[in-house]
Amino acid sequence: MTVLFSFLKKYRVAAFLALGMMLVELALELLQPFLISKIIDDGVTQKDISTVLLWGGILTGGTIIAFFAGIFGSFYAAHASQGLGYDLREAVYNKVQSFSYALFNRFSSSSLITRLTNDITQLQDMVFMGLRFMLRMPLLVVGSSVMALLVNVKLGLLLVVGIPILLFFVIIIMRKASGLFQQVQRRLDTVNSVMQENLTGMRLIRVFVRKNHERQRFEERSSNLMQGTVSALRLTETTMPFILLITNASIIAVLWYGHLDIIVGQASVGEVVAIINYAMRTMGALSAFSMIVASFSRAKASAERIQEVMFTVEDERPLDNQDQYVAGSSSVSASQSSDVYEVGVAFRQVSFHYPGTEAQVLKNIDFTARAGVTTAIMGSTGSGKSSLVQLILRLYDSDQGEIDVLDRRIQELDDHQLRGLIGYVPQEIVLFTGSIRENIAWGYEHATLEEIQEAARIAQIHDTIMNLPHGYDTLLGQRGVNLSGGQKQRISIARALVRRPAILLLDDSTSALDVRTESLLLDALRELSCTTLLITQKISSTIRADQVLLLSDGQLIAQGDHTHLLATSELYQQIYASQFGKEELEHVESVN
Amino acid sequence: MWKALTDPLRYPKPAVMTEAIANKSAKVEPVPSKKRRAKDWKGTLARIWGYLAERKLKLMLVLFMVLLTSALTLLGPYLIGIAIDDFLARDAGQMWVWFLVGLAVVYILNSVTSWLQNIWMIEIAQETVYRMRVDLFSHLHQLPIPFFGKRQQGELMSRVTNDIENVSSTLNSSAIQIFSSVLTLIGTLVVMLWLSPLLTLITFLVVPLMALGMRWITKRTGPLYRERQKNLGDLNGYIEETLSGEKIIKAFAQEQRVIGEFGERNDRIRLSGFWAQTISGFIPKLMNGLNNLSFGLIAGVGGILAIKGMITVGVIVIFVEYARQFTRPLNDLANQWNTLLSAIAGAERVFEILDESVEAEDEQHAVHVDHIEGAVVFDDVSFAYDTGDGDNTLQHISFTAEPGEMIALVGPTGAGKTTLIQLISRFYNADQGKITIDGRDIQSIKRESLRSHTAFVLQDSFLFEGTVMDNIRYGRLDATDAEVQDAARLANAHSFIERLPEGYNHRLNRDGGGISQGQRQLINIARALLADPSILVLDEATSSIDTVTEIKIQEGLQRLMEGRTSFVIAHRLNTIRAADQILVLRDGQILEKGSHDQLLDTGGFYSDLFYSQLHSSDARQA
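Written out as structure tokens, the structure is:
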């Protein structure tokens, strides 16, 4: 809950005002039974109409004041709670965005989504209720007790004596319930994750006709959620009858002893009536109690889940320069030409394993790509090609060795500067909801339409886009479904190019392109002066590269240009044969 | 300080609210949308009721308990009134003791019945929510595939979670509150009239004011709640999308940008949330205020009446208590009405999805087939996506695939290859022409039956959270471990799986858990092979796999696919040399058709493509 209070601080003025307004209302409300007993004892019993009118008038005036206090309180309470929700969402989202990629992957996205929406909403609602109802309840209880004691000490005590028992009971319930609600939220996560998985994999599920299988899985998890919720709520619901019993017992006691006292003249009828009135008010206030216990326990559970994200600390990164994280610095160095540099990308004895696993994905990788040259990376499935590229982006940090980018150690640059220099096209295509133009401009916010079109032209997608009904303003649906795989690939290439990167990383980004389009693209890329690293499976791509790195099992087993590798590397020959047939290979060999 | 004081009073008014107010002034012409909306509410409520009613017996029990509770709740203050008038100031001896015992019994019963009603209602409510959730989930599985192209995934998710949660929390308490409020209201009214018609009338003076106030408030809160849920859905969609694309965001260093865009959505939700909460917060204040007003009136007028000897002090006490009891259910109703509005806003969004029409029902005469030979015929098939631009994606496609043949689809990106195979899976129906399998129109075969005899490896490889074993077994749920491993061997996935930290029990997560894209494809292929289909479709299933492995897979496939039909989309022409037929597609039309050798002999588009691949190597060497 600490996180809650630290965020609430900002809204303390509004919160206190809301509370203040509530106190005004409460005070006036507490006076009522007292005023009524005045009307009975001083007015009715004395047969004095003017006294009745006086107190009646005060009662009415107070009501109007309380009403307006309530209306203003509503504004302040809503401001505090909505503001808090806003700030929390922002803070958690910012925090998530500040995670390193490795750390980010520790949380499942469905769980992060639940935390950002559902959990924060729980907290927000609790704060609103707290400022409006919840605090009112204990205050009303305390106030009623005090007033009851003032009216008649002995009878009042009968009312007060039950309260510690109630408190004790409630605290125990709350403790247990909060644990149960935490479980509920976790189960909500699992429901959400099945949902998310199903939405993403809908096509696959359809073609395998696994609807019932999935439904079963979903039912199982939903039913767990249901049972969890029921048992948590059932627990908080037990507070209610208990409270009723205790307060009702004190009412009976008040009647019994009040009766005795009236007989001996130690109490008046008005006093007994007032105390019973206070007892009933206490009960009325407490009637909302099970709801409050539920929402408080729930909020506590949610607060802990939010804290889990907020308090996650980044593992220390080697030689880090992260603190100079400056907003918007990405565009500053984005258009540097690589002519000035000597080294484009260099790896020296780099080894790497993914966090949380043991197997080394890259072992002692050592190569240099001069600035401006094109390097193709080839290797069997799972040989570490993508991992190598991701190290350049510092999506992960290497275990050993040094990586240089444009004559500098990558650790010397902060993430923003480093990534500002790079255009990256991932293997898995990710496009965002919005127009094609927005998606390409995503690479560089301030890109003009000309720049966007230029990038699209290089990526060989301009003509296709122009043929679409709305050209560059054509909207892409969720994950850009209305385009073919190859078209999406080229848009994501254009997105990288619009940054005018000094280094271009293409992770198997031409796999869905036909040979023609691919060769046009590669030729166009050669025109650019950037250092290009190109992961590919196709010999047709490696032929055009200045050098080829051949990876196998995380090791760099051969490097050189196409001709060199074809002459010397057995693996490369195998790959060649797989694409052009054995005859072709023999032909080539005989030529050599 | 001043700013902090006045800021909360300065929120701009959201458009939905001003519109709602404007509607009122434009009274002359009744706004049709408003009418429809009101009807929708009723419809939505009726549907929620429909869910609740499925547990009739329990619901009856709850109703009965509510009835008892309400009666007992009324009885309590009445008995206290009697106590004050008849016993308190008098020595009634034994009677008094019995009276108190009676009171105690009433109180205990009251505790028990109210507990039972709540417990049971919670169960009903949660079961209802559970069923709504499952219904929504099942319904999503029946929606046509194009539906998902148009929706943001996170926004859909928000409906299953946030909107349903909203319904859930309301049902837990509100349903009971509403019943008991109405009952208590009626009961109190009867007793009050019986005790003193005049005081009852005074108590009633405030009711029109209440009605007016409520009208003013709900007119605004209804649209605001709807807006809030919509904004929440948008936000959810945005979060989902950006978290899925986190790698790109990081790689492009666009964190600040998404934070900014997130902020805009966050802002919208704060605005609608603020007004919904503020205005709905007026309700209890209004009720309380009017409540207290009637309180004062009763005390004043009652006092005068008592002085005149027309009523007793006891009646005043009872009335004060009843006036509270009378307004409390009204107050509760008002409060519940409000949460109800927010729940309705949620439920509406759930039902909106449930009302989406499902994938066209299988034709009436559609049959279940036990076995498929695999003869696939396209007869003059044309098809266009429903994008409204009128461009046909496929035009007059005709070909015949004999059982056991391997058909390769080749062509530039966007030529319609994936679209063609999606027609075989019946994600879409052909607009024109006919597709037959074993001579039977595929529209006369039940979708599920058709799909269970075909296996697809889709372009986007997809893995579920779970072990490698589970993921492959997805192809055939009753497969043994050994069969799974065989399929993996055939897909050339076995060796890399063996090397994973926990082998086949290695858990895959969102990021693949150290699995490369190519390896994901291998697992996807293994999954399809395990399904043991009559027709196998590979849509660029090996695009991320190195060509050496690819050839090995092809060899394995050829053995496996003897006597079965397969469709392969590929860009690396070498891998499809062995195909019985190659269909060359361009701009949605079949340009050429024939075997590799035939097509090379003809010297058309295909041979150009093929030689350009070869030449690309020769060119550089020369």
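Protein sequence lines, in the order shown, are assigned to chains A and B. Start counting at 1 in the first sequence, then tack on 5, and there's your number in our numbering. Start counting at 1 in the second sequence, then tack on 60, and there's your number in our numbering. Even glycine gets a Cβ: it sits at the ideal position worked out from N, Cα and C.
With fewer than 16 other CB atoms across the displayed protein chains lying within 10 angstroms of its CB, Pro474/A is exposed. The beta carbon of Leu40/A lies closer than 6 Å to those of Trp60, Leu64 in the same chain, with the five residues before and after it left out. Cβ-Cβ separation between Leu249/A and Met288/A: approximately 7 Å, consistent with a contact (criterion under 8 Å).
Nearest C-alpha to Ile441/A among Thr469/A, Gly428/A, Leu418/A, Lys305/A: Thr469/A.
Close to chain B, meaning a Cβ-Cβ distance shorter than 9 Å, are the following residues of the region 232 to 247 of chain A: Gln232, Thr234, Val235, Leu238, Arg239, Glu242, Thr243, Met245, Pro246, Phe247.
Shown here, Phe437/A sits in coil according to DSSP, grouped into three states, outside any helix or strand. Proximity of Leu245/B to chain A, defined by a Cβ-Cβ separation below 7 Å, is not satisfied.
One finds Asn326 in chain B with Cβ atoms closer than 7 Å to the Cβ of Arg94/A, taken in chain order. Residue contact check for Ala304/A against chain B: no CB pair falls below 7 Å.
Asp657/B counts as exposed, since fewer than 16 other beta carbons sit within 10 angstroms of its beta carbon. Scanning Gln201/A, Leu238/A, Ala237/A, Glu242/A for the CA closest to the CA of Arg222/A turns up Gln201/A. DSSP, reduced to helix, strand and coil, places Asp478/A within a helical segment of the structure shown.
In this structure, the beta-carbon distance from Leu527/A to Arg495/A does not fall below 7 Å. For Asn369/A, the three-state secondary structure derived from DSSP is strand. Secondary structure note for Leu596/B: its beta strand (DSSP E) is the uninterrupted segment 595 to 599. One thing to note: Val122/B has its Cβ within 7 Å of the Cβ of Gln177/B. The CB of Phe264/B never comes closer than 8 Å to any CB in chain A; the least such distance is about 17 Å.
Scanning the region 492 to 527 of chain A from its first residue to its last, the whole beta strand (DSSP E) runs of 3-plus residues come out as 508 to 512.
Taking the Cα of Ser114/A as reference, the smallest distance to any Cα among Ser667/B, Ile238/B, Ile308/B, Ile299/B is reached at Ile299/B. For Met466/B, the uninterrupted beta strand (DSSP E) segment begins and ends at 466 to 470. Distances from the alpha-carbon of Val126/B to those of Tyr71/B, Phe487/B, Ser240/B, Lys116/B put Ser240/B closest. Taken atom to atom, the span from the alpha-carbon of Leu31/A to that of Phe112/A is near 45 Å. When 9 Å is used as the limit between beta carbons, Met134/A is near no residue of chain B, the shortest such separation being about 10 Å. The contact set of Ser11/A on chain B, defined by CB atoms closer than 7 Å, is empty, because the minimum CB distance reaches about 17 Å.
DSSP places Lys307/B inside the alpha helix (DSSP H), whose first and last residues are 306 to 311.
What Trp156/B touches in chain A, judged by beta-carbon distance under 7 Å, is His264, going in chain order.
Put simply, the backbone Cα of Ser403/A is about 42 Å away from that of Thr479/B. The three-state secondary structure of Gln641/B, taken from DSSP, is strand.
Listed along chain B, no residue sits closer than 7 Å to Pro143/A by beta-carbon distance, the nearest being about 18 Å off. Contact between Asn222/B and Thr122/A holds, with the beta-carbon distance rounding to 6 Å and staying under 8 Å. Any Cβ of chain B closer than 7 Å to the Cβ of Gly270/A would place that residue at the interface, and such an atom is absent.
Three or more beta-carbon pairs separated by less than 8 Å are not found between the region 136 to 155 of chain A and the region 95 to 110 of chain A, which leaves the two stretches without contact.
Of the candidates Ala435/B, Gln492/B, Ser130/B, the residue whose Cα lies closest to the Cα of Ile467/B is Ala435/B. When the five nearest sequence neighbours on each side are left out, the beta carbons in the same chain lying within less than 6 Å of the beta carbon of Gly48/A are those of Thr56, Val57, in order along the chain.
Looking from the CA of Glu363/A, the closest CA among Ile343/B, Arg559/B, Trp101/B belongs to Arg559/B. Proximity of chain B to Leu204/A at the Cβ level (cut-off 8 Å) is accounted for by Leu200, Phe208, Gln213, Leu216, Met217, in chain order.
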